[in-house]
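Visitor:
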Amino acid sequence: MTSAVEVSAQRLRERGERVTPARLAVVEVLAGTEEHLSAEQIGERAEQLRPGIHRATVYRALDALGEFGLVTHVHLGRAGTTYHLAGDLAPRHLHLRCSGCGTVYDAPGDVLESARKKLARELGFHLAPEQVALVGVCKNCQ
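For my numbering, add 645 to where a residue sits in the sequence shown, where the first one is 1.
Dropping the structure here:
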């Protein structure tokens with residue numbers, strides 16, 4: 646099986662984009678965790694993987710990878726903005742944030758499938774479930 650890093654490098658090359666150590670480090674960090682990481686956390690881990698990579702370079706890499714459709718982000722309210730691999734590089738999912746404790750849970754991407762279809766059919770609106778953060782109360786806080 647081909648790794649997310651290899652696939653990302655290939656897609657960058659196909660687009661004529663540079664395959665930089667920072668871009669590969671960002672993908673490697675995101676591929677290696679199921680956590681919801683902020684840009685700062687990704688920067689810290691990327692620096693550990695590849696010493697000498699500067700935090701500002703990692704932030705630019707996140708922006709570029711987002712533009713190229715390899716990375717996406719979601720705004721989680723008080724939990725901040727987190728990043729994860731996009732498209733077929735990671736399982737499609739959405740985010741559930743507990744308003745009580747702040748914990749963020751992943752839910753299967755098809756949970757909102759009927760709502761997504763209804764929005765498209767009735768309003769012509771195409772929802773990006775991987776960028777959705779639903780807020781509610783988890784079972785531990787109820």
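Every residue, glycine too, gets a C-beta built ideally from N, C-alpha and C.
Along the chain, where does the alpha helix (DSSP H) that runs through residue 711 open and close?
Guide: 700 to 712
Visitor: Does the segment 648 to 658 come close enough to the segment 691 to 703 to have 3 or more Cβ pairs within less than 8 Å?
Guide: Judged by pairs of C-beta atoms under 8 Å, the segment 648 to 658 does not touch the segment 691 to 703, as fewer than three such pairs exist.
Visitor: Distance, Cα to Cα, residue 701 vs residue 739?
Guide: Cα to Cα, the separation comes out at about 28 Å.
Visitor: With distances taken Cα to Cα, identify the nearest neighbour of residue 714 among 665, 735 and 726.
Guide: 735
Visitor: Quickly, what does DSSP pair residue 751 with across the bridge? List them, please.
Guide: 740
Visitor: What number of angstroms, rounded off, separates the C-alpha of residue 760 from the C-alpha of residue 784?
Guide: 23 Å
Visitor: Distance check for residue 737 and residue 671, CA to CA, integer angstroms please.
Guide: 19 Å
Visitor: Rounded to a whole number of angstroms, what is the C-alpha to C-alpha distance between residue 697 and residue 674?
Guide: 16 Å
Visitor: If we ignore side chains and look at the alpha-carbon of each, how far apart do residue 746 and residue 660 end up?
Guide: Looking at the two C-alpha atoms, the distance is approximately 42 Å.
Visitor: Find out if the Cβ-Cβ distance for the pair residue 731, residue 707 is shorter than 9 Å.
Guide: Between residue 731 and residue 707, the CB-CB gap reaches or exceeds 9 Å.
Visitor: Under 6 Å Cβ to Cβ from residue 653, same chain only, skipping five residues before and after it: list those, please.
Guide: Same-chain partners within the cutoff: 672 and 715.
Visitor: Helix, strand or coil for residue 682 per DSSP?
Guide: strand
Visitor: What does the Cβ neighbour count give for residue 710, buried or exposed, with the cut at 16 atoms within 10 Å?
Guide: buried
Visitor: Tell me which residues share the same chain as residue 778 and place their Cβ nearer than 6 Å to its Cβ, disregarding the 5 neighbours each side in the sequence.
Guide: If you ignore the 5 residues before and after residue 778, its C-beta comes within less than 6 Å of the C-beta of 719, 721, 740 and 742, all in its own chain and listed in chain order.
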